[in-house]
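A.B. asks:
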Amino acid sequence: MKNDFLPGHGFDAPGVDLNGLNESQYEAVTAIDGPVLVIAGAGSGKTRTLVHRVAHLMDQGVAPESILLLTFTRKASQEMLWRAGQLLNESCSRVVGGTFHGIANLLLRRYGSQLGYGSTFTIIDRADAEGIINLLKSSLGLAGKSKQFPSKRALINMISGSVNKSIELEDLVDEQFAHLSDFTDDIVKLRDHYQNFKYDHGLMDYDDLLVNWKRLLEESVEVREAISRRFSHIMVDEYQDTNLIQADIVRLAAYTHDNVMVVGDDSQSIYAFRGADFYNIMRFPKVFPNCRIVKLEENYRSSQPILSLTNDIIRNATEKYTKTLFTRIEGDIKPRVYGARDEREEASFVVRQINKLRTEGVELEEIAVLFRSGFHSYKLELELNTMGIDFEKRGGLKLTESAHMKDVLAFLRLLVNTQDNLSWNRILLQLDKVGPKTAQKITNTIAASDDPFEALAAYPGGKTWKGGLERLNTLFVDLRGSEQKPSALFEIVMGYYQPVFESLYADDYPKRQKDLEQLKAIMAGYDDLQTFIDDTALDPPENDTQADTGGEKMILSTIHSSKGLEFDAVFVIGMAEGRFPHASAGMGEQWEEERRLLYVAATRARKHLYFSYPRELMTPDRQFRRVGMSPFLAEITPGLYERVEPGASTFMRREPPYKSPSTAEFSGLPKAKKKEKKLSMDELPAGTKVQHPFFGIGVVKKTTPPRSLDVKFDRHGVKTLHLDYAKLTLL
DNA sequence: GCGTATCGCGTTTTT
DNA sequence: CGCGATACGC
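Taking the numbering used here, the leading residue of the first sequence gets 880, the next gets one more, and so forth.
1) What are the residues that DSSP puts in a beta bridge with P1283?
2) Below 8 Å on the Cβ atoms is my contact criterion, and I expect V1379 with Q1309 to pass it. Report the Cβ-Cβ distance as a whole number of Å.
3) Would you identify the three-state DSSP class for K1068, choosing helix, strand or coil?
4) Mind checking whether E1262 and K1432 have CB atoms under 8 Å apart?
5) For P1584, does the three-state DSSP call read helix, strand or coil?
6) If you follow the alpha helix (DSSP H) that F1250 is in, where does it begin and where does it stop?
7) When we look at the beta-carbon of M1140 and count the other beta-carbons within 10 Å, is it buried (16 or more) or exposed?
8) When the Cβ atoms of the stretch 1438 to 1457 are set against those of the stretch 1469 to 1482, are three or more pairs found closer than 8 Å?
9) Please identify the residue among K1202, G1314, R1180 whose C-alpha is closest to the C-alpha of R927.
10) Return the CA-CA distance between H1042 and S1328, expressed in angstroms with no decimal places.
11) My output table needs one value for Y1492: the three-state DSSP class, helix, strand or coil.
12) Across the stretch 1153 to 1163 and the stretch 940 to 947, are there enough close Cβ pairs to call them in contact, namely three or more that are closer than 8 Å?
13) From F951 to G924, what does the alpha carbon distance come to, in whole angstroms?
14) Is G1467 buried or exposed, if buried means 16 or more other CB atoms sit within 10 Å of its CB?
15) Please look up how many angstroms separate the CB atoms of S1436 and L1249, rounded, as I've assumed it's under 8 Å.
16) Under DSSP, the beta strand (DSSP E) around Q1570 begins and ends at which residues?
17) Could you tell me how far apart the beta carbons of A1126 and S1107 are, in whole angstroms, since I believe they sit closer than 8 Å?
18) Counting beta carbon pairs with one atom in the stretch 1505 to 1518 and one in the stretch 1456 to 1475, are three or more of them shorter than 8 Å?
19) Is I1113 near N1138, with beta carbons less than 8 Å apart?
20) Out of V1067, E958, L1175, A1105, state which residue places its alpha-carbon closest to the alpha-carbon of E902.
21) So, is I1192 buried or exposed, given that buried needs 16 or more other C-beta atoms within 10 angstroms?
22) By how many angstroms is the C-alpha of Y1520 removed from the C-alpha of K1550?
23) Among residues of its own chain, excluding the 5 on either side of N1612, which ones have a beta-carbon nearer than 8 Å to its beta-carbon?
24) If you reduce the DSSP assignment to three classes, tell me which class N1138 lands in.
25) With respect to the alpha helix (DSSP H) encompassing I1193, which residues constitute its N-terminal and C-terminal limits?
26) If you draw a straight line from the alpha carbon of K1272 to that of V1590, how long is it in whole angstroms?
27) Quick one: grab the DSSP three-state call for T1118.
28) Using the Cβ count rule (16 or more neighbours within 10 Å means buried), how would you classify V1142?
29) Indicate whether the contact test is met: 3 or more Cβ pairs, each with one atom in the stretch 986 to 997 and one in the stretch 1282 to 1294, closer than 8 Å.
30) Throw me the rounded Cβ distance for the S1366 and A1403 pair, which I believe falls under 8 Å.
31) With distances taken Cα to Cα, identify the nearest neighbour of Y1492 among P1420, R1171, V1216.
32) Do you know how far the Cα of Q1570 is from the Cα of A1155?
33) Once DSSP output is grouped into helix, strand and coil, what is the label at R1207?
34) Under the three-state reduction of DSSP, which class applies to V1173: helix, strand or coil?
35) With DSSP as the reference, identify every bridge partner of R1505, one or two as the case may be.
36) In whole angstroms, give me the CA-to-CA distance for L1034 and E1242.
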């Protein structure tokens, strides 16, 4: 197996400070052999611990390219490797870091043929999956039952949930969706059609990537051994968010060596709805019997008043695995709770507080507003806009999820996978006088043929839309005849699409045009179309509407997408009955997951924490209804927070739009880049004093050619270090 | 009668 | 923004 088929990530950065682990924790975390389970509370340094282990393994001569670091977002793995770079030298960039899905994709492109999949599959995202379900719903005659039939989103969650949990869909419906049991047969039928549809057209969704990775490991001894040997050490972050399949993958991939380290916190499990199962953490010691368990209970993030309140939130959980978190961070600012008259007033409260915080010296980018659902922030977004405060919204629509973006991508996807029915359908629907029926008829005919492009050219068009079909054909002739550079292809597509685009979105196409520009810029960075297509499905770029102004921005985010981040000040808005927990969360596991969600939100804060809720909400029939505060807030011990009274801050004058004074100051600064000089063995004879970023000061005891040396450190004893990986400085 | 164009309304959370 | 109900055109 070649070593270079999985890319690492680059980084560069100077020193980092590691908070202390005690002797036995240290021992476990740095052990070169055997499984390790780290159970860690919020803000206790999970990521730091992982980085620490990477650093240590490399110091002991483990080759960086045989370390596999699995995280949930690509951002997280980049962040982690960046931190590792602070500890070590640039060889760290050869550590393989990625998401489960990303690694699965690379492995399947390489070995997928062993499963009967060619290497020409297209990865589809959630919206694609919903589109397919919709097509099938109408072709199976289920569209009419809409009223009680589950929404397509719920449907996808049920279908993929049943795959993830290895439960039969029938049982899942009986147990958790009893109210849908009348539709069990229909749902099962739909699931089967959905699976077949994907297989027939070379489409793979997120779950398929995992399922097929697991199959690859199970069914081919050869591949399993190759992967297990290739990665001698495997690490997983946010282990409580893994599903059963991912746990199996980890088990199988490590089967020759058991060198697995996972970190997680059962109190932060918020992804059960997509199959995550925090019992994976509890199971870990059974799956890996000789594993070492490390509990990290010191919180390095929040002040005591905030920690007391967050501990109180989780105290009320019916099921918990107690960790008593403590902090040494001082502070006396209690969390605050504010009941606003309505949503508008809630928004202006938040803005007032933000301005106040900024006069106290809190940076704008250190302030975050969190909420349960994407649309809860609409009112606030308006208010922030009028006040001229820059913000970035996370967890909303991704760039590639908007219609015009999908349109363009559809052309490109067809060049890579001609069987991609979804894209055919999408493109044909753009033609004037062609609707769902006609589009599907054409799609069915051409996707079944050997050369769909030929078939399209030969397709007898109807009188009214013959012209459009011909123009489409010329486009494909052009596309297939051109050089294969993605950016060149983009230009050709736009030549055809621009007029279609302008008439399709006549009212607001200038706004959307900017997105297309952004896509163009992204594509310019790719040489290979396939890679580009994969990346957009696996890791869709965020929608930066106010493209890089370079200035500071505050963060608006759903709680789910705020995971793993931390801020000086956090506002949790919409803490009202019916909003949080979500109205459809019944008692039981769902209710508990909502509670953990609030816990995640509150534990993002370092110094300032605010909860607010509107006392009045608009109901579906445009009536206003009075609501109380969220039951989760109501059950918190009253002394742990302060109430802000509605009248209290009204005397504050409105601040003018605030322009950050620090922006100009920092924008001109070049990125600090440190060039590390590699030490040679000659510079390090026995007796030399050296410094190591973690172990501290030590003395060289012995040198072993070519590039190993034993160093005795005051606090850590004798360590064997490898000169290529350890970041040593001469003293 | 089939299929396409249009208008209005309610949104869970996502790798 | 996407879905469902309704209205028009072939």
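All C-beta atoms, glycine included, are put in the ideal place defined by N, C-alpha and C.
C.D. replies: So, from the data block:
1) According to the sequence displayed, residue 1283 carries His and not Pro. DSSP, once it has assigned bridges, lists no residue as partnering H1283.
2) Confirmed, about 5 Å.
3) The answer is helix: DSSP assigns K1068 an H, G or I state.
4) In this structure, E1262 sits away from K1432, with a CB-CB distance that is not shorter than 8 Å.
5) In the structure shown, P1584 adopts coil according to DSSP, grouped into three states.
6) Careful: F1250 lies outside any alpha helix (DSSP H), inside the beta strand (DSSP E) at 1246 to 1250.
7) Flag for M1140 reads buried.
8) Output reads yes: the stretch 1469 to 1482 touches the stretch 1438 to 1457.
9) Comparing Cα positions, the closest option is R1180.
10) Checking the sequence shown, residue 1042 turns out to be Val, not His. In a straight line, the C-alpha of V1042 is about 31 Å away from that of S1328.
11) Looking at Y1492 - three-state DSSP - the assignment turns out to be strand.
12) Touching, no.
13) F951 and G924: Cα-Cα distance of roughly 17 Å.
14) By the 16-neighbour rule on beta-carbons within 10 angstroms, G1467 is exposed.
15) About 6 Å separates the beta carbon of S1436 from that of L1249, a gap short enough to meet the 8 Å contact definition.
16) Segment 1568 to 1571, the beta strand (DSSP E) holding Q1570.
17) Approximately 16 Å separates the beta-carbon atoms of A1126 and S1107; this is outside 8 Å, ruling out the contact.
18) Yes: the two stretches touch, three or more of their Cβ pairs being nearer than 8 Å.
19) Contact flag set, yes.
20) Checking every option, the nearest Cα to that of E902 belongs to L1175.
21) So I1192 ends up on the buried side.
22) Caution is warranted here: a pLDDT of 34 is assigned to K1550, below 50, making its placement in the model unreliable, and the coordinate value is therefore given only provisionally. Taking the straight line from one Cα to the other gives about 41 Å.
23) Coverage of the chain is limited to positions 880 through 1610, which leaves residue 1612 absent and any answer about it impossible.
24) Note: N1138 maps to coil in three-state DSSP.
25) Taken as a continuous stretch (DSSP letters only), the alpha helix (DSSP H) holding I1193 covers 1183 to 1194.
26) Going by C-alpha positions, K1272 is about 49 Å away from V1590.
27) Sequence inspection shows Tyr at residue 1118; the Thr mentioned does not correspond to that position. In this structure, Y1118 counts as helix in the three-state DSSP scheme.
28) V1142 comes out buried.
29) The stretch 986 to 997 vs the stretch 1282 to 1294: no contact.
30) At roughly 5 Å, the Cβ-Cβ gap stays under 8 Å, so S1366 and A1403 are in contact.
31) When each option's Cα is compared against that of Y1492, the closest is V1216.
32) Taking the straight line joining both Cα atoms gives about 43 Å.
33) Three-state result, R1207: coil.
34) Look at V1173 here: in three-state DSSP terms it is strand.
35) DSSP output for R1505 lists E1495 as bridge partner(s).
36) Our two residues, L1034 and E1242, have alpha carbons roughly 42 Å apart in a direct line.
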